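Inspection log for the structure reproduced underneath, given as C-alpha cells.
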Ligand SMILES: CC(C)(COP(=O)(O)OP(=O)(O)OC[C@H]1O[C@@H](n2cnc3c(N)ncnc32)[C@H](O)[C@@H]1OP(=O)(O)O)[C@@H](O)C(=O)NCCC(=O)NCCS
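In our numbering, the protein residues as written are 110 to 239.
Right, here's the structure in full:
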C-alpha cells in the first residue's frame, strides 16, 4: 500500500473547529463554509504579497475530496503559486483531523486568485517581491 499523503510541512494559514452551526442535516459541513474559510486562508499570504488591500477575483478548480464532520479540526494551508501584474494565485489545501482519531485527511483543495486593489477598489500593480 502506498504511504498515506501527508499535510504540507508549511505553517497553516488558518485552523478552526467545524461546529454544529456549520453543518447540514447529515452532520457534514456546508461546502460554502469550507470555501469561505479557504478564501480567508488564501488571503493571508496574498495580503502580505500585495502589501495591502486585495479582492478575490476568481476561485478555480475547487475539489471536495471528502466530507468534513462536526468536531473535525480543519486546517488550511495556503501557498502562492503565481503572480501577475495585479494578481496573486494561491493554492489552498484543506485538511481535517477527525474528531475521535488522529487521522488527517486532505478534504478539499482549490485555487484562489486575488487582485491587489487601492482604497477605491481599483486594481493596482503589485509591489516588487521582497
Ligand atoms: C477585482 C477587480 C478589482 C479586478 O478588476 P478588473 O478590471 O475586473 O481586472 P482584470 O479583468 O484586468 O483582471 C485583473 C487580474 O485578475 C486576473 N483574473 C481575472 N479573472 C480571472 C480568472 N477568472 N482567473 C484567473 N485570473 C483572473 C487577470 O488575469 C488579471 O491578472 P494580472 O493583472 O496579474 O495579469 C474587479 O473585478 C472587482 O472589483 N471584482 C469584485 C471583487 C469582489 O467583490 N470579490 C469578492 C469579495 S473580496
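Glycine included, each C-beta is placed from N, C-alpha and C at the ideal position.
Fair warning: this is a prediction, and the values are worked out from it, not measured in the lab.
The beta carbon of residue 121 sits closer than 7 Å to those of 184, 185, 186, all from its chain and outside the five residues before and after it, given in chain order.
Remark: C-beta atoms of residue 146 and residue 123 approach each other more closely than 8 Å. Within the DSSP secondary-structure output, residue 204 pairs in a beta bridge with 184, 215.
Between residue 158 and residue 125 a beta carbon distance of about 23 Å is seen, past the 8 Å cut, so the two are scored as non-contacting. Annotated as proximal: residue 205 and residue 214, with beta-carbon spacing under 8 Å. Annotated as proximal: residue 172 and residue 218, with beta-carbon spacing under 8 Å. Residue environment analysis places residue 191 among the exposed positions, since fewer than 16 neighbouring C-beta atoms fall within 10 angstroms of its C-beta. Note: residue 226 is bridge-paired with 232 in the DSSP secondary-structure output. For the pair residue 188 and residue 207, the Cα-to-Cα distance works out to about 24 Å. The three-state secondary structure of residue 151, taken from DSSP, is helix. For the 8 Å CB-CB criterion, residue 137 and residue 178 form a contact.
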